[in-house]
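When the letters of the sequence shown are read in order and numbered with my numbering, they come out as residues 4 to 454.
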Amino acid sequence: MNTESQLSRLGLFDARVPRYTSYPTAPHFATSIGHGHFTDWVRKIPSGSEISLYLHVPFCRRLCWFCACRTQGTSSDAPVRAYVQTLKAEIALLARDLAPGVRLSRLHWGGGTPTLMSPDMIRELADAVFAITPMATDGEFSVEIDPNEIDDARLDALAASGMNRASIGVQDFDPEIQKVIGREQSYEITKAAADAIRARGVKSLNADILFGLPHQTEHGIADSVQKLLTLSPDRVALYGYAHVPWMSRRQQMIPSDAMPTPQERLKMFDVARQLFLWDGYVEIGIDHFARPDDGLAKALAAGTLKRNFQGYTDDQAPVLVGLGASSISRFPQGFAQNVSGTGEYTKAIRAGHFATHRGHMFKGDDLLRARMIEALMCDFHISRDELLGRFAVSESELDSMLRAAANHFGSAVILDRDGLSIPPEARPLTRIIARAFDAFDLSKAGHSSAI
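Following this line, the structure appears as structure tokens:
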């Protein structure tokens with residue numbers, strides 16, 4: 004099951020499928036979920052428990068053309084400063100409804116570019132968070148850092164505020180590809196940022212790199228990966244570039260005729276994957292790699308690896324609260340997403356209520372299917388006994404679901420008494436196989452290439 008023709012027959016090179024960082028995926032959220040649901044779900048968080056907190060900063064000095072995130076450009080600090088004040092007001096709303104004694108297992112600042120905040124803004128925001136929810140003993144505070152938008156003063160403020168994991172975006176080190184995707188960032192600038200982060204005692208460093216970029220080749224991605232390895236990141240996300248110009252207008256700046264074919268994308272991924280493995284990294288799920296002593300590798304070995312909106316995680320908190328425009332929260336009851344526009348978001352917070360705009364309340368077999376998909380994405384295995392023990396599903400119903408997938412995918416899966424597994428040679432098909440357990444109509448949502 005390792006030939007290109009077999010992978011092609013099962014749709015790897017022409018399917019568009021979700022990345023399954025949630026189930027259901029965000030395109031299926033409905034406006035029937037509002038700030039009342041969010042408030043009620045926050046109030047149900049038990050006293051003394053641990054939660055994760057995500058803060059979204061949707062501003063950038065420049066808009067990278069390859070990026071499909073919800074961001075907006077700004078040449079001045081004024082809108083960022085005003086936004087930080089709104090975030091602080093939203094944190095105060097959270098404090099009003101949060102039970103006492105709640106601590107943070109994870110705090111993540113994403114964007115956009117969180118590091119375009121000035122040192123005083125960084126300190127203000129961190130102080131506001133920790134005033135209501137201190138970090139747990141082994142908690143992790145991570146920040147997305149743009150090497151082009153960082154300096155000593157901001158790094159000092161982040162380190163003093165408790166940042167103990169940093170994440171830097173690399174994408175690709177080829178200067179010509181950088182020009183085409185609108186993200187010029189030299190190896191020297193990136194290395195200087197990584198060195199400065201570690202010089203401040205931040206022990207954990209993440210990096211993102213992309214395959215499938217315009218004009219990218221197997222030789223080119225090998226060169227970029229080898230340069231990245233000299234920075235010794237603890238954790239790497241090897242993402243496939245999602246070229247969706249019909250969804251992200253800025254991607255229309257990128258020439259579609261320069262994009263590699265799906266077959267070429269697969270070869271690029273394999274080249275990069277082999278380099279990470281040869282350098283001693285542990286393969287995590289479908290697109291991450293980690294040093295053996297990193298939390299992701301330990302979670303994989305322990306069978307506790309999870310998946311959320313930031314990708315793979317070792318965080319075990321049952322609640323993820325997202326603050327800021329467009330942020331998504333996950334509760335045991337369902338998902339809630341803030342309105343995307345910063346103006347509408349600010350208006351809601353100033354009115355004294357959360358900015359929840361849409362979401363999804365779990366019902367029926369949602370949680371069963373969510374776990375089946377997560378298990379495939381994390382472990383390439385669905386445990387029959389685990390599902391029968393955790394969910395109200397009969398043996399016959401579960402076996403029917405597993406058998407249907409096995410009948411469709413043939414040798415790409417292994418069905419036995421223990422459950423359903425994806426063998427190593429078929430793992431490029433994981434997102435397609437996971438789709439078999441998705442009960443929602445995927446034709447109504449635009450998704451990225453399966454490879």
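From the three backbone atoms N, C-alpha and C, an ideal C-beta is built for every residue, glycine too.
1. Have a look at V324 and T42 and give me their C-alpha separation to the nearest angstrom.
2. How many angstroms separate the CA atom of M4 from the CA atom of S424?
3. Going straight from the alpha carbon of A55 to that of S8, what length do you get?
4. Return yes when the Cβ of L216 is within less than 8 Å of the Cβ of I1, no when it is not.
5. Within its chain, find whatever has a CB closer than 8 Å to the CB of H411; leave out the 5 residues flanking it on each side and keep chain order.
6. For the beta strand (DSSP E) containing N341, list its first residue and its last residue.
7. Rounded to whole angstroms, what's the CA-CA distance from D237 to A354? Just pull it up for me.
8. Whole angstroms are fine: how far does the CA of R420 sit from the CA of S329?
9. Please determine, among Y23, L15 and R12, the residue with the shortest C-alpha to C-alpha distance to A442.
10. What did DSSP end up calling M262 once you bin it into helix, strand or coil?
11. Determine the direct distance from the alpha carbon of F357 to that of T89, and round the result to whole angstroms.
12. Three or more C-beta pairs under 8 Å: does that hold for the segment 64-79 against the segment 183-198?
13. Who are the Cβ neighbours of R372 in its own chain at under 8 Å, not counting the five residues just before and after it?
14. Between which two residues does the alpha helix (DSSP H) holding T345 run?
15. At what residues does the beta strand (DSSP E) containing I385 begin and finish?
16. Note the first and the last residue of the continuous alpha helix (DSSP H) segment covering N410.
17. Do I436 and A408 count as a contact pair if the criterion is CB distance below 8 Å?
18. Quick check on the burial criterion: 16 or more other C-beta atoms within 10 angstroms. Buried or exposed for Q319?
19. If you draw a straight line from the alpha carbon of L231 to that of R252, how long is it in whole angstroms?
20. Kindly give me the distance between the Cβ atoms of Q340 and A29, rounded to whole angstroms, as I take these residues to be in contact under 8 Å.
21. Using a Cβ-Cβ cutoff of less than 6 Å, which residues in the same chain neighbour G104 once the five nearest sequence positions on both sides are dropped?
22. Is it buried or exposed, W44, if we count other Cβ atoms within 10 angstroms and call 16 or more buried?
23. For L234, which three-state DSSP category applies?
24. Return the first residue and the last residue of the beta strand (DSSP E) that I454 is part of.
25. Do F312 and I331 count as a contact pair if the criterion is CB distance below 8 Å?
26. List the whole-angstrom C-beta distance separating R168 from M138, where the pair is believed to meet the contact cut-off of C-beta under 8 Å.
27. So T118 and E152 are in contact, right, with Cβ under 8 Å, and what is the actual spacing, rounded?
28. Determine the DSSP secondary structure at F144, reduced to helix, strand or coil.
29. For the alpha helix (DSSP H) that contains Y190, what are its first and last residues?
30. With a threshold of 16 other CB atoms inside 10 Å of the CB of S145, please say whether the residue is buried or exposed.
31. Check each candidate in P150, R393 and A18 and name the one with the smallest Cα separation from A199.
32. Below 8 Å between beta carbons: does that hold for T378 and I385?
33. Which residues in the same chain have their Cβ closer than 8 Å to the Cβ of M2, if we skip the five residues on either side of it in sequence?
34. Enumerate in chain order the residues of its own chain whose CB-to-CB distance from T34 is below 8 Å, with the five nearest sequence positions on each side excluded.
On the basis of the data shown:
1. The residue you call residue 324 lines up with position 321 of the sequence shown. The residue you call residue 42 lines up with position 39 of the sequence shown. Distance from the CA atom of V324 to the CA atom of T42, rounded to whole angstroms, is 11 Å.
2. Looking up residue 4 in the sequence shown gives position 1. Looking up residue 424 in the sequence shown gives position 421. For M4, the predicted structure reports a pLDDT of 48, less than 50, and the residue's modelled location is therefore unreliable. A value from the coordinates is still provided. Spanning the two alpha carbons is a distance of roughly 14 Å.
3. Indexing the sequence shown from 1 puts residue 55 at position 52. Indexing the sequence shown from 1 puts residue 8 at position 5. In the sequence as displayed, the identity of residue 55 is Ser instead of Ala. It is roughly 43 Å from the alpha-carbon of S55 to the alpha-carbon of S8.
4. Only positions 4 to 454 of the chain appear in the structure, and residue 1 is not among them; the question remains open.
5. Locating residue 411 in the sequence shown gives position 408, counting from the first residue. A439.
6. The residue you call residue 341 lines up with position 338 of the sequence shown. That run of the beta strand (DSSP E) goes G337 to N341.
7. Position 234 of the sequence shown, counted from the start, is the residue given in the question as residue 237. Position 351 of the sequence shown, counted from the start, is the residue given in the question as residue 354. Distance between the alpha carbons of D237 and A354: 43 Å.
8. In the sequence shown, the residue the question calls residue 329 occupies position 326. In the sequence shown, the residue the question calls residue 420 occupies position 417. The alpha-carbon atoms of S329 and R420 are separated by roughly 42 Å.
9. Indexing the sequence shown from 1 puts residue 442 at position 439. Of the candidates Y23, L15 and R12, the one whose C-alpha sits nearest the C-alpha of A442 is Y23.
10. By 1-based counting over the sequence shown, the position of residue 262 is 259. In this structure, DSSP gives M262 a state outside helix and strand, which the three-state scheme calls coil.
11. Position 86 of the sequence shown, counting from 1, holds the residue named residue 89. Position 354 of the sequence shown, counting from 1, holds the residue named residue 357. If I take the Cα positions, the gap works out to 11 Å.
12. Because the criterion of three Cβ pairs below 8 Å is met, the segment 64-79 and the segment 183-198 touch.
13. In the sequence shown, the residue the question calls residue 372 occupies position 369. By the criterion of a C-beta distance shorter than 8 Å, R372 is surrounded in its chain by Y26, F440, D441 and A442, once the five residues flanking it on both sides are discounted.
14. As a working note, residue 345 is residue 342 in the sequence shown. That run of the alpha helix (DSSP H) goes T345 to R353.
15. Within the sequence shown, the letter at position 382 stands for residue 385. Residues H384 to S386.
16. Locating residue 410 in the sequence shown gives position 407, where the first residue counts as 1. Unbroken alpha helix (DSSP H) run through N410: E398 to F412.
17. Start at 1 with the first residue of the sequence shown, and residue 408 comes out as number 405. Start at 1 with the first residue of the sequence shown, and residue 436 comes out as number 433. Against a cut-off of 8 Å, the Cβ pair of I436 and A408 comes out as a contact.
18. Taking the first residue of the sequence shown as 1, we reach residue 319 at position 316. In this structure Q319 is exposed. Its beta-carbon is surrounded by fewer than 16 other beta-carbon atoms within 10 angstroms.
19. As a position in the sequence shown, residue 231 is number 228, starting the count at 1. As a position in the sequence shown, residue 252 is number 249, starting the count at 1. Take the alpha-carbon of L231 and the one of R252: they are about 29 Å apart.
20. The residue you call residue 340 lines up with position 337 of the sequence shown. The residue you call residue 29 lines up with position 26 of the sequence shown. Right, the Cβ-Cβ distance comes to about 7 Å (below 8 Å), so this counts as a contact.
21. Here residue 104 refers to the residue found at position 101 of the sequence shown. Taken in chain order, the residues that qualify are S50 and G51.
22. If you number the sequence shown from 1, residue 44 lands on position 41. Using a 10 angstroms sphere on the CB of W44, the tally of other CB atoms reaches 16 or more, which defines it as buried.
23. Within the sequence shown, numbered from 1, the residue matching residue 234 stands at position 231. When DSSP states are grouped into helix, strand and coil, L234 belongs to the coil group.
24. In the sequence shown, the residue the question calls residue 454 occupies position 451. Note, I454: premise wrong, no beta strand (DSSP E); not H, not E.
25. Position 328 of the sequence shown holds residue 331. Position 309 of the sequence shown holds residue 312. In this structure, I331 lies near F312, with their beta-carbon atoms less than 8 Å apart.
26. Counted from its first residue, the sequence shown places residue 168 at position 165. Counted from its first residue, the sequence shown places residue 138 at position 135. In this structure R168 does not touch M138 by the C-beta definition: roughly 12 Å separates them, more than the 8 Å allowed.
27. Looking up residue 118 in the sequence shown gives position 115. Looking up residue 152 in the sequence shown gives position 149. T118 to E152, Cβ: 5 Å. Contact.
28. Here the question's residue 144 lines up with position 141 in the sequence shown. Here F144 sits in strand by DSSP.
29. On the sequence shown, residue 190 is found 187 positions in, with the first residue counted as 1. Counting along the chain, the alpha helix (DSSP H) containing Y190 begins and ends at Y190 to A202.
30. In the sequence shown, residue 145 corresponds to position 142, counting from 1. It is buried - the Cβ of S145 has at least 16 other Cβ atoms within 10 Å.
31. Against the sequence shown, residue 199 aligns to sequence position 196. For the residues P150, R393 and A18, the minimum Cα distance to A199 belongs to P150.
32. Start at 1 with the first residue of the sequence shown, and residue 378 comes out as number 375. Start at 1 with the first residue of the sequence shown, and residue 385 comes out as number 382. The question names Thr, but residue 378 is Ala in the sequence shown. Closer than 8 Å, so yes.
33. Summary: the structure shown does not reach residue 2, with the chain confined to residues 4 through 454, and so no result is reported for it.
34. Counting from one through the sequence shown, the residue named residue 34 turns up at place 31. Its chain contains H360 and R361 as the residues whose beta carbon lies nearer than 8 Å to that of T34, once the 5 sequence neighbours on both sides are disregarded; these appear in chain order.
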